[in-house]
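Take a look at the structure set out below.
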Amino acid sequence: MHWFTHVKERLYQRHMRWRLFGFARVMFWGDKFEARFSFLGRWLLAAVLLTLVFGANIKKSDIYQMFAVLLAVLLVALVTVWVRSLSKSQPLQIKRLLPALAQVGQEVSYAVHLHNLELKPMYDVKVMDVLSRQYPSVHQFLTVPEPLEEKRNWYDRKTGFYRFVWLQRWLTGGEIQAQSCEKIDAGETQAVMLQWRPEKRGYLHFETLRTSVPDPLGLVYNNQNHHLPQSVLVLPKVYAVPHALISQGNSKDEQVGHSISADVGDSEAFFRMREYRPGDSPRHIHWASLARGEKPLVKEFENEFFARQTLIIDNAASSELSLLFEELVSVAAGFVEALHTSDGVLDVLFAPQETTQPNATPPLSMQAGSGQSQAVLEVLASIDLYGEESFLRLQERVWLQQAFIHSCVLLTLIWDERRQAWVEELRQQGIEVVVYVITPSLASSELVQSEGVRVLRQGFINEDLRALVS
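Here our numbering is used: position 308 in the sequence shown is 295, and no number is missing along the way.
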């Protein structure tokens, strides 16, 4: 019966592809309809359809006369917009001012400047940024559920349309609501502020900005698309990690090398002034005292030591855990931000891509107060899942840096025997390991709770982090 199972699976995959294609077309034509008709125009179209239905029998009702009038008005508006669209001139000059960075969940406002090139004013110009739309694959649709999907009715869960809509919006990076400009005089420039709340980290690509000018009756829009390709890097959401969790563990104090401390000054701190002794370095002589004719003094320094910790991000998992992985990256960003306001050095390790050698690039390192946290967050914005097979590359990456690891935090989505054995091996080598397992909100924490293992539940991560230090 193996052939029967194979055929059944292929038919099911084909059925799902057609279903997703149908969902995509529904959304496509829905966007077209919304972009073409104004709010008043939609009511007029609804009235045309109603009068068509109730006035079909012209012998028993006079409603057909209203249908003829409403249809004529609608056709006049459509023809007017169509005639305007034949003109190839661009009545507006557009300039979009995007920020260089954004952050998941934080509302971003940016300006779009509209310059009227015509010799007459323009009224009720609607401006909308059209993001490069991304649709989910069959595998993503089947494996990534919509948040709180269990609260939807049976039909919605069975068809999965709302799951498709949510996945499309999440993969695209959010939606930007259109804004209107009441009047732009001839030769005048007006600024329109657009608001956008990013929903996904990584690079978000802006391609098209649409301007819509209504017909004289305000029923139908004449749309013009302006090709303005730009990109914004969206940083991950940051959870508030308590400082007490940073200092936990037997992190070894060591002198910070020049490669890290160069951004914040010498790794030696000024201690005191003393008299010159033969053999002292000339660059430490206090020349001001010598110029005053006093005995030569020497500035004495002492080495500065920092607690060094390693943050290991386990990105060796399948794409069906994409939503959980977003939470994991946000927790990692919380550790980075927490160290930024404390004392220490943090190294960040994760599995590289399959085409990258584990020792091809050095680990990310940042020192507290150095301003390097922004650069680390930018790297975290682009980190991705590379499948369970990349776990060996993660182990090799950690092994190459093992001489510099004294205490580490492991963030993972999976707590299986393979990872438990690996953590036990690290502990036997004298490395203290604290494991944070990010689990679905409905998962039982008793399955993974043990010594040195903390559970963070999706949707309750802030509460679970605070509970660890309470």
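Glycine residues also receive a C-beta, built at the ideal position from the N, C-alpha and C atoms.
With fewer than 16 other beta carbons inside 10 angstroms of its own, D49 counts as exposed.
V63 sits away from N209, with the two beta carbons spaced by 7 Å or more. When the alpha-carbon of V363 is set against those of A325, A390, L387, the nearest one is in A325. Closest option to L298, judged by alpha-carbon separation, among E404, I392, L372, I163: I392. Shown here for E314: same chain residues with a beta carbon closer than 7 Å to its own, the five before and five after excluded, namely I425, Q445, I448 in chain order. H213 places its beta carbon less than 7 Å from that of L196.
When secondary structure is reduced to three states using DSSP, V221 falls in the strand class.
G374 has its alpha-carbon roughly 26 Å from the corresponding atom of I418. Secondary structure at K107: coil, using DSSP grouped into helix, strand and coil. Under the three-state reduction of DSSP, W183 is assigned to strand. Across the set A303, A454, V396, the C-alpha of A303 shows the shortest separation from the C-alpha of Q340.
I300 counts as buried, since no fewer than 16 other beta carbons sit within 10 angstroms of its beta carbon.
Around the C-beta of T198, 16 or more other C-beta atoms lie within 10 Å, and the residue is accordingly described as buried. Look at V442 here: in three-state DSSP terms it is strand. Taking the Cα positions, I163 is about 48 Å away from K47.
Under DSSP, the beta-bridge partners assigned to A178 are H100.
With contact defined as three or more Cβ pairs closer than 8 Å, the region 133 to 150 and the region 91 to 104 are not in contact.
Here DSSP, grouped into helix, strand and coil, assigns V112 to strand. Taking 7 Å as the cut-off, the Cβ atoms of A368 and L222 count as close. Bridge pairing for L336: I299 [DSSP]. Under the three-state reduction of DSSP output, S199 falls in the strand class. Under the DSSP assignment, E(-4) falls in the alpha helix (DSSP H) whose first and last residues are -11 to 23.
By the criterion of a C-beta distance shorter than 7 Å, A231 is surrounded in its chain by V456, once the five residues flanking it on both sides are discounted.
Between E186 and G160 a beta carbon distance of about 6 Å is seen, short of the 8 Å cut, so the two are scored as contacting.
If you look at L88, you'll find it in the beta strand (DSSP E) that goes 88 to 90.
Looking at the DSSP output, V422 sits in a beta bridge with L397, V440. As the crow flies, the alpha-carbon of V219 is around 28 Å from that of S377. Annotation: R188 is outside any alpha helix (DSSP H) and is labelled neither H nor E by DSSP.
Within the DSSP bridge table, the entry for R83 names V99 as partners. As the crow flies, the alpha-carbon of I45 is around 55 Å from that of V(-6). The continuous alpha helix (DSSP H) containing E411 extends over residues 404 to 415. Under DSSP, F193 shares a beta bridge with L118, Q217. Secondary structure note for S76: it is in no beta strand (DSSP E), with a DSSP letter that is neither H nor E. As the crow flies, the alpha-carbon of E412 is around 52 Å from that of L84.
Annotation for F41: S48, I50 place their beta carbon closer than 8 Å to its own, counting only its chain and skipping 5 residues before and after.
In this model, I401 and R384 are separated by some 19 Å (Cα to Cα).
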